[in-house]
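Visitor: The numbering of the sequence shown is our numbering, which starts it at 17 and goes up by one.
A virtual CB, placed ideally from N, CA and C, is assigned to each residue, including glycine.
Predicted model only: the values in this text are computed from it and were never measured.
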Amino acid sequence: MLIELRLAPFDALAEVKNYQALPANPGKIGAGCIFVGTMRDFNEGEEVRSMTLEHYPGMTEKHLEEICEQAENQWAVHDILLLHRTGDIEVGEDIVLVATWSAHRGDAIDATRFIIEDLKHRAPFWKKEAVKSGERWVDRNTAGYASS
């Protein structure tokens, strides 16, 4: 498992490729699921020029570790890669990468969805968007999915 917060931009798909090149669980992985969140240029009906993403050092990393451990305990996941940007982010840059690997697709898909939904709604991150009228703090995240 690898969990990192990063100030610098990263290429999510290159990160997955590099991570998969590391020797881990040969022959046990039959499925992988990748989620990439990217900085978009709109939110709440207004153009967004850039964003600053703040976090609480120590607390944020601990929360991300707990999310991933919960996913490992709930699903048969062999490995997890979680990268998350902080600091100043430009439109089009990757913000978050969640990748999981398991023997079967259901476990990988469910674990990935669990991690990203928890991260979006409970992890201690704060977003400040630069918009035409100035700056504003984002007080809620976009809706994920309704539990069935």
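1) Where does E109 fall in DSSP's three states?
2) With the cut-off set at 8 Å, would you say V114 and I132 are in Cβ contact?
3) Return the CA-CA distance between Q86 and V52, expressed in angstroms with no decimal places.
4) Under 7 Å Cβ to Cβ from D123, same chain only, skipping five residues before and after it: list those, please.
5) Rounding to the nearest angstrom, what Cα-Cα distance links E88 and E82 in this structure?
6) What's the gap between the Cα of A146 and the Cα of G61?
7) Tell me, please, which residues DSSP counts as bridged to I83.
8) Any idea if L18 is buried or exposed, counting beta-carbon neighbours within 10 angstroms, 16 or more meaning buried?
9) Should A24 go down as buried or exposed, given a rule of 16 or more other Cβ atoms within 10 Å for buried?
10) What's the C-alpha gap between K144 and G43?
11) In the structure shown, what three-state DSSP assignment does G122 receive?
12) Taking 8 Å as the limit between beta carbons, can you name the residues of its chain near E63, skipping five residues before and five after?
13) Does the Cβ of T54 have 16 or more other Cβ atoms within 10 Å, making it buried, or fewer, making it exposed?
14) Here's a check: name, in chain order, each residue in its chain whose Cβ is nearer than 6 Å to the Cβ of I125, leaving out the five neighbours to either side.
Guide: Let me lay it out:
1) As a first step, residue 109 is located in the sequence shown; it is residue number 93 there, counting from the start. In this structure, E109 counts as coil in the three-state DSSP scheme.
2) In the sequence shown, residue 114 corresponds to position 98, counting from 1. In the sequence shown, residue 132 corresponds to position 116, counting from 1. Yes, the pair counts as a contact, with Cβ atoms nearer than the cut-off.
3) Along the sequence shown, one-based indexing puts residue 86 at 70. Along the sequence shown, one-based indexing puts residue 52 at 36. Straight through space, the alpha carbons of V52 and Q86 are spaced by roughly 20 Å.
4) For the purposes of this step, residue 123 is taken as the residue at position 107 of the sequence shown. Hits under 7 Å: W91, A92 and V93.
5) The count along the sequence shown starts at 1 and reaches residue 88 at position 72. The count along the sequence shown starts at 1 and reaches residue 82 at position 66. Taking the straight line from one Cα to the other gives about 10 Å.
6) On the sequence shown, residue 146 is found 130 positions in, with the first residue counted as 1. On the sequence shown, residue 61 is found 45 positions in, with the first residue counted as 1. So the alpha carbons of these two residues sit roughly 14 Å apart.
7) Looking up residue 83 in the sequence shown gives position 67. None; I83 has no bridge partner.
8) Position 2 of the sequence shown holds residue 18. Taking all protein chains in view, the Cβ of L18 is surrounded by fewer than 16 other Cβ atoms within 10 Å, so the residue is classified as exposed.
9) Taking the sequence shown and counting its residues from 1, the one referred to as residue 24 is at position 8. So A24 counts as exposed.
10) By one-based count along the sequence shown, residue 144 stands at place 128. By one-based count along the sequence shown, residue 43 stands at place 27. Roughly 44 Å separates the two Cα atoms.
11) Start at 1 with the first residue of the sequence shown, and residue 122 comes out as number 106. Secondary structure at G122: helix, using DSSP grouped into helix, strand and coil.
12) The residue given as residue 63 occupies position 47 in the sequence shown. The answer, listed in chain order, is D57, V147 and K148.
13) By 1-based counting over the sequence shown, the position of residue 54 is 38. T54 comes out exposed.
14) Walking along the sequence shown from the start, residue 125 turns up at place 109. The answer, listed in chain order, is C49.
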